[in-house]
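The block underneath contains the structure these notes are about, expressed in structure tokens.
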Amino acid sequence: MRLALALAVAIVATAHNAGGSAQQATPEVRTLSGEWTFSAEGYVMPLSLRQDGTRVTGTLQGFHGPFPLQGEFRKGLIHFAGSSDGGGIRHSDDSNDIDLFAIGTLQADGSLQGTLVSTVGNLTWHAERKT
Numbered sequence: 249m250r251l252a253l254a255l256a257v258a259i260v261a262t263a264h265n266a267g268g269s270a271q272q273a274t275p276e277v278r279t280l281s282g283e284w285t286f287s288a289e290g291y292v293m294p295l296s297l298r299q300d301g302t303r304v305t306g307t308l309q310g311f312h313g314p315f316p317l318q319g320e321f322r323k324g325l326i327h328f329a330g331s332s333d334g335g336g337i338r339h340s341d342d343s344n345d346i347d348l349f350a351i352g353t354l355q356a357d358g359s360l361q362g363t364l365v366s367t368v369g370n371l372t373w374h375a376e377r378k379t
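Throughout, this note's numbering is defined as the position within the sequence shown, counted from one, plus 248.
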């Protein structure tokens, strides 16, 4: 019984210490609001974000028109979604619309990185704040 209790205390202490280290590895970011350069597997596009609390809105200027975005940023994690009329591009379902959903994390250097799923394909992405 003592061994089980000691093991449980050790696991909790290790998890607590690891959690503190992970939080310190992420820089303290007051807001994601601002202008970013969004890169996704060779595509480079301007990204404008506005943060109000945990709510994030913005616009990704795609090659086939702007994507108004809505999402959330909390505890170093971001997710956002948006749609564009596609600017005339046709898809297999004969529509112009392009929908996207992205998830990502705040990196130690202050950039964002994640995965984007869209009507036209799935991409990994990276965003850096413009200076």
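Quick reminder that beta carbons are idealized off the backbone N, C-alpha and C, glycines included.
Check your understanding: What residues are listed by DSSP as bridge partners for THR372?
Key -> Walking along the sequence shown from the start, residue 372 turns up at place 124. In the DSSP assignment, the residues bridged to THR372 are THR363.
**Study point:** LEU297 versus SER281, ALA288, THR285, residue with shortest Cα-Cα distance
**Key:** Start at 1 with the first residue of the sequence shown, and residue 297 comes out as number 49. Looking at the Cα atoms, SER281 is the closest of the given residues.
Practice item. Could you tell me the distance, in whole angstroms, from the CA atom of THR307 to the CA atom of ASP357? Key: Within the sequence shown, numbered from 1, the residue matching residue 307 stands at position 59. Within the sequence shown, numbered from 1, the residue matching residue 357 stands at position 109. Straight-line Cα distance between these residues: approximately 23 Å.
Practice item. On a CA-only basis, which of GLY330, GLY324, GLN299, ARG303 is nearest PRO314? Give me that one, please. Key: The residue given as residue 314 occupies position 66 in the sequence shown. Closest option to PRO314, Cα to Cα, is GLY330.
**Study point:** Nearest candidate by alpha-carbon position, reference GLN309, set THR285, GLN299, LEU325
**Key:** If you number the sequence shown from 1, residue 309 lands on position 61. Per the C-alpha coordinates, the member of THR285, GLN299, LEU325 positioned closest to GLN309 is THR285.
**Study point:** Limits of the unbroken beta strand (DSSP E) element including ALA350
**Key:** Sequence index remark: in the sequence shown, residue 350 carries index 102 (1-based). 346-354 is the span of the beta strand (DSSP E), which, as asked, contains ALA350.
Check your understanding: Which same chain residues, not among the five before or five after ILE326, have their C-beta less than 8 Å away from its C-beta?
Key -> Translated into positions along the sequence shown, residue 326 becomes position 78. So the list reads LEU280, VAL304, GLY319, GLU320, ALA350, ILE351, GLY352, THR353, LEU354, LEU360, GLY362, once near-sequence residues are dropped.
Point to revise | Cβ separation of THR367 and ALA288, assumed to be a contact under 8 Å, to the nearest whole Å | key: Your numbering for residue 367 matches position 119 in the sequence shown. Your numbering for residue 288 matches position 40 in the sequence shown. Not a contact, Cβ separation roughly 14 Å.
Review point. Within 10 angstroms of its Cβ, does PHE311 collect 16 or more other Cβ (buried), or is it exposed?
Key: Counted from its first residue, the sequence shown places residue 311 at position 63. Per the 10 Å Cβ criterion, exposed.
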